[in-house]
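In this note's numbering, the protein residues as written are 131 to 465.
Report on the structure given below.
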Amino acid sequence: MRANRNWMVLAVLLLTVFASACGSNANKDASPSESAGVSASQGTASQPASPEASSSSDAAAKKITDAKGREVEVPTDPKRIVYVCSDPGDLLALGVRPVGASLSVVGSQVAYGDQLQGIADVGYPADLEKVTAQDPDLIIFNDWDEQGLAPLEKIAPTVAIAENGGFDRMREVAGVLGKEAAADSYIAAYDEKVKQTKDLLAQKGKQGQSATVLLLMGKVMYVMGHQGLSVSLYDALGYVPPAKVQSLIDGGERFAEISVEVMSDYIGDELYILKDEEEETKAQAEALFTSSLWKSLPAVKTGQVHAMDSQWNFDDPVTRTMLLDELQRMNDSAG
131 MRANRNWMVL
141 AVLLLTVFAS
151 ACGSNANKDA
161 SPSESAGVSA
171 SQGTASQPAS
181 PEASSSSDAA
191 AKKITDAKGR
201 EVEVPTDPKR
211 IVYVCSDPGD
221 LLALGVRPVG
231 ASLSVVGSQV
241 AYGDQLQGIA
251 DVGYPADLEK
261 VTAQDPDLII
271 FNDWDEQGLA
281 PLEKIAPTVA
291 IAENGGFDRM
301 REVAGVLGKE
311 AAADSYIAAY
321 DEKVKQTKDL
331 LAQKGKQGQS
341 ATVLLLMGKV
351 MYVMGHQGLS
361 VSLYDALGYV
371 PPAKVQSLID
381 GGERFAEISV
391 EVMSDYIGDE
401 LYILKDEEEE
411 TKAQAEALFT
421 SSLWKSLPAV
431 KTGQVHAMDS
441 QWNFDDPVTR
451 TMLLDELQRM
461 NDSAG
């Protein structure tokens with residue numbers, strides 16, 4: 131596996147879902163990421179950051195009440211942002227490039243790696259020396275690790291954001307940066323692309339079908355609940371979760387490890403199977419695809435299986451937008 135794959139998929143699970151500590155169980159607090167592209171646990175961050183006018187005479191600052199209930203004074207127009215989060219696409223979608231980010235977690239895993247060129251990797255957990263070297267005027271932190279916050283706020287104003295879904299999280303970041311208009315514009319363009327994709331799916335007779343997302347990581351198979359790729363399928367495109375997957379979602383479980391023997395219980399009309407290029411994963415995929423249980427799946431028999439790279443399991447705005455382009459391409463080429 132890639133160096134930080136298990137952490138990211140189960141911490142980012144697949145966004146921050148890929149936390150290795152969650153590798154063997156269904157987990158309500160972490161997801162194999164978002165791969166994996168899954169998000170980390172919600173943690174204690176539940177309150178959206180809200181700005182208010184600063185009482186200070188410094189017109190270049192404002193006060194933010196962040197997701198942990200802390201009042202933080204931040205620059206109104208920060209120039210050197212360090213993003214200690216697993217979703218740098220949140221910033222990129224707003225037209226903002228951080229000077230540093232936790233790229234060791236996701237840099238080689240996301241679909242938009244080319245857009246991360248020139249951004250310094252500050253590591254995960256954040257290396258304080260690397261963060262300091264970037265001379266940040268603002269640090270944005272979406273980690274649930276309380277201990278990681280205190281050292282960072284000694285370097286520069288540090289705002290904690292909630293680990294919400296992609297667009298909610300982006301809107302929260304936009305509020306901190308005064309980029310609400312950019313967020314609105316991005317989401318409007320995304321919604322239009324969703325409409326185009328849904329129209330194409332309807333033309334292909336896929337409207338209202340059920341769909342399942344499986345993630346292969348090494349020797350382990352996960353079924354995705356409401357995390358990563360499945361968020362786009364269920365929330366944006368109108369696919370329906372099979373009953374067993376819906377049970378995971380209703381239980382707040384972002385993903386669950388399953389065996390080949392029970393796999394069929396979770397599979398819908400269409401099957402999206404995500405995997406990386408690691409040798410261990412390739413071996414598992416080969417064994418799975420040649421098994422009688424796999425060949426007996428209705429989705430396999432009807433040719434409704436879509437093998438995709440695990441990079442599509444993130445839920446940040448950039449990945450979700452690129453995913454729509456990929457799904458349009460896949461369905462156009464399907465004839």
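All C-beta atoms, glycine included, are put in the ideal place defined by N, C-alpha and C.
Distance check for leucine 330 and alanine 231, CA to CA, integer angstroms please.
Using only the alpha carbons, I get a separation of about 36 Å.
Taking the runs of the beta strand (DSSP E) that are 3 residues or longer, which of them lie wholly in the segment 316 to 373?
341 to 347, 350 to 354, all fully within the segment 316 to 373.
Please name the residue, chosen from Ser389, Val361, Asp395, Lys260, that lies closest to threonine 451 on a Cα-to-Cα basis.
Out of Ser389, Val361, Asp395, Lys260, Val361 has the C-alpha closest to the C-alpha of threonine 451.
Buried or exposed: glycine 335, going by 16 or more other Cβ atoms within 10 Å of its Cβ?
When all chains shown are included, glycine 335 counts as exposed.
Classify arginine 301 as buried or exposed, calling it buried when 16 or more other Cβ atoms lie within 10 Å of its own Cβ.
It is buried - the Cβ of arginine 301 has at least 16 other Cβ atoms within 10 Å.
In chain order, which continuous runs of the beta strand (DSSP E) of length 3 or greater are located wholly inside the segment 228 to 292?
As far as the segment 228 to 292 is concerned, its whole beta strand (DSSP E) runs of at least 3 residues are 268 to 271, 288 to 290.
Do threonine 432 and aspartate 399 have their CB atoms nearer than 9 Å?
Yes, the Cβ-Cβ distance between threonine 432 and aspartate 399 is below 9 Å.
Alpha carbon to alpha carbon, how far is leucine 427 from arginine 299?
Straight-line Cα distance between these residues: approximately 37 Å.
Report the option in Ala190, Ala256, Ala241 whose CA atom is closest to the CA atom of leucine 279.
Ranking Ala190, Ala256, Ala241 by Cα distance to leucine 279 puts Ala256 first.
If you follow the beta strand (DSSP E) that alanine 191 is part of, which residue opens it and which one closes it?
First-last of the beta strand (DSSP E) with alanine 191: 191 to 195.
Across the segment 260 to 268 and the segment 198 to 208, are there enough close Cβ pairs to call them in contact, namely three or more that are closer than 8 Å?
Touching, yes.
Could you pull the DSSP bridge partners for proline 205 from this structure?
For proline 205, which the question treats as bridged, DSSP gives the partners Ala191.
Under a Cβ-count criterion, where at least 16 other Cβ atoms within 10 Å of its own Cβ denotes burial, should methionine 460 be classed as buried or exposed?
The residue in question, methionine 460, is exposed, as its Cβ has fewer than 16 Cβ neighbours within 10 Å.
Isoleucine 397 by DSSP, collapsed to three states: which one?
Isoleucine 397 falls in the coil class under three-state DSSP.
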